[in-house]
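**Q**
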Amino acid sequence: NAGVTQTPKFQVLKTGQSMTLQCAQDMNHEYMSWYRQDPGMGLRLIHYSVGAGITDQGEVPNGYNVSRSTTEDFPLRLLSAAPSQTSVYFCASSYFQGFSEAFFGQGTRLTVV
Amino acid sequence: ILNVEQSPQSLHVQEGDSTNFTCSFPSSNFYALHWYRWETAKSPEALFVMTLNGDEKKKGRISATLNTKEGYSYLYIKGSQPEDSATYLCAFMGGDYKLSFGAGTTVTVRA
Chain A
2 NAGVTQTPKF
12 QVLKTGQSMT
22 LQCAQDMNHE
32 YMSWYRQDPG
42 MGLRLIHYSV
52 GAGITDQGEV
62 PNGYNVSRST
72 TEDFPLRLLS
82 AAPSQTSVYF
92 CASSYFQGFS
102 EAFFGQGTRL
112 TVV
Chain B
549 ILNVEQSPQS
559 LHVQEGDSTN
569 FTCSFPSSNF
579 YALHWYRWET
589 AKSPEALFVM
599 TLNGDEKKKG
609 RISATLNTKE
619 GYSYLYIKGS
629 QPEDSATYLC
639 AFMGGDYKLS
649 FGAGTTVTVR
659 A
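Sequence order for the protein chains is A and B. Taking this note's numbering, I'd label the letters of the first sequence as residues 2 to 114. Taking this note's numbering, I'd label the letters of the second sequence as residues 549 to 659.
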């Protein structure tokens with residue numbers, strides 16, 4: 002019963018480095034999304050996907066790339082890390098309907114120094 | 549950027565008391581309204597997904613109502629218990645299928 006699996010759980014990057022946050026789900030969900038959580042700001046949508054091969058920007062997409070080559074995986078790429086990207090990142094998935102609840106991964110705490 | 553607002557930002561409740569708080573969202577292009585419970589050091593977990601104006605949902609001592617015409621939803625906790633302490637998030641989905649979250653209401657129940 003894996004659900005939504007995010008890796009890594011913790012990461013420290015130097016400014017300018019790149020990295021990929023991994024997200025995988027085993028529930029055959031069409032809809033997947035990435036959020037960042039900052040104090041006092043709740044969850045802000047970075048990118049989302051309504052199915053394999055389809056992605057779109059959310060509220061705060063700058064500095065991040067995504068792709069969706071399979072239904073199961075939705076990696077988030079930081080192209081050139083900046084201190085402003087220090088945050089907790091959550092991946093979520095659901096069936097492609099607003100009526101379906103989202104299931105969240107355990108989160109990745111990223112620090113950019 | 550959608551305006552999903554929750555109030556109050558935080559509240560303290562005595563054990564056994566009931567409480568409620570608000571989520572406001574755009575009243576146009578409504579698709580669904582979600583409520584999540586988020587405990588410290590865990591991930592958000594769904595409480596309710598509401599889609600119809602006038603919807604009322606209940607899970608144990610927690611219930612929610614929805615008014616899509618005026619753009620608000622209430623979450624109620626009856627007879628608060630210490631285990632109800634958490635941040636409660638609402639999220640709005642419009643016709644663009646983006647699920648946008650409010651900043652949350654943090655509830656602390658004092659024994």
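We put the beta carbon where it would ideally sit given N, CA and C, even for glycine. Fair warning: this is a prediction, and the values are worked out from it, not measured in the lab.
So, at 8 Å on beta carbons, what are the nonlocal neighbours of isoleucine 660 (chain B) in its own chain, with the 5 sequence-adjacent residues on each side left out?
**A** Since the displayed chain B opens at 549 and closes at 659, residue 660 (chain B) lies outside it and no answer follows.
**Q** Using 10 angstroms around the beta-carbon of alanine 93 (chain A), count the other beta-carbons present and answer buried if the total reaches 16, otherwise exposed.
**A** Buried: at least 16 other Cβ atoms inside 10 Å.
**Q** Verify the CB distance criterion: does alanine 25 (chain A) have a CB-CB separation below 9 Å to chain B?
**A** Not an interface residue.
**Q** Against chain B, does arginine 115 (chain A) count as a neighbour if the rule is that its beta carbon must be under 9 Å from one of theirs?
**A** Residue 115 (chain A) cannot be examined here, being either before or after the span of chain A that is shown, 2 to 114.
**Q** Can you tell me the Cα-Cα spacing of valine 657 (chain B) and glycine 564 (chain B), whole angstroms?
**A** Their backbone Cα atoms lie some 9 Å apart in a straight line.
**Q** Hey, how far is the Cα of methionine 20 (chain A) from the Cα of glutamine 86 (chain A)?
**A** Roughly 12 Å between the two C-alpha positions.
**Q** Check whether the Cβ of alanine 651 (chain B) lies closer than 9 Å to any Cβ atom in chain A.
**A** For alanine 651 (chain B), the answer is yes, since a Cβ of chain A falls inside 9 Å of its Cβ.
**Q** Report buried or exposed for glycine 619 (chain B), applying the criterion of at least 16 other Cβ atoms within 10 angstroms of its Cβ.
**A** It counts as buried.
**Q** Among residues of its own chain, excluding the 5 on either side of methionine 33 (chain A), which ones have a beta-carbon nearer than 6 Å to its beta-carbon?
**A** Hits under 6 Å: Ser50, Phe75 and Ser94.
**Q** For the beta strand (DSSP E) that tyrosine 579 (chain B) lies in, which residues bound it at each end?
**A** First-last of the beta strand (DSSP E) with tyrosine 579 (chain B): 578 to 586.
**Q** Taking only runs of the beta strand (DSSP E) that begin and end inside the region 11 to 42 of chain A, which ones reach a length of at least 3 residues, in chain order?
**A** For the region 11 to 42 of chain A, whole beta strand (DSSP E) runs of length 3 or above, ordered along the chain, are 11 to 14, 20 to 26 and 32 to 39.
**Q** Is there at least one Cβ from chain B nearer than 9 Å to methionine 28 (chain A)'s Cβ?
**A** Closer than 9 Å: no.
**Q** If you run the structure through DSSP and keep just helix, strand and coil, what is aspartate 57 (chain A)?
**A** Three-state result, aspartate 57 (chain A): strand.
**Q** Any idea if threonine 588 (chain B) is buried or exposed, counting beta-carbon neighbours within 10 angstroms, 16 or more meaning buried?
**A** Exposed.
**Q** Which first and last residues belong to the beta strand (DSSP E) in which arginine 78 (chain A) is found?
**A** Start and end: 77 to 79.
**Q** I'd like the list of long-range same chain contacts for alanine 25 (chain A), defined as Cβ closer than 6 Å, with 5 residues on each side in sequence excluded.
**A** Counting only Cβ-Cβ distances below 6 Å, and skipping sequence neighbours, we find Thr6, Glu73 and Asp74.
**Q** Against chain A, does proline 592 (chain B) count as a neighbour if the rule is that its beta carbon must be under 9 Å from one of theirs?
**A** Judged by the 9 Å Cβ criterion, proline 592 (chain B) is in contact with chain A.
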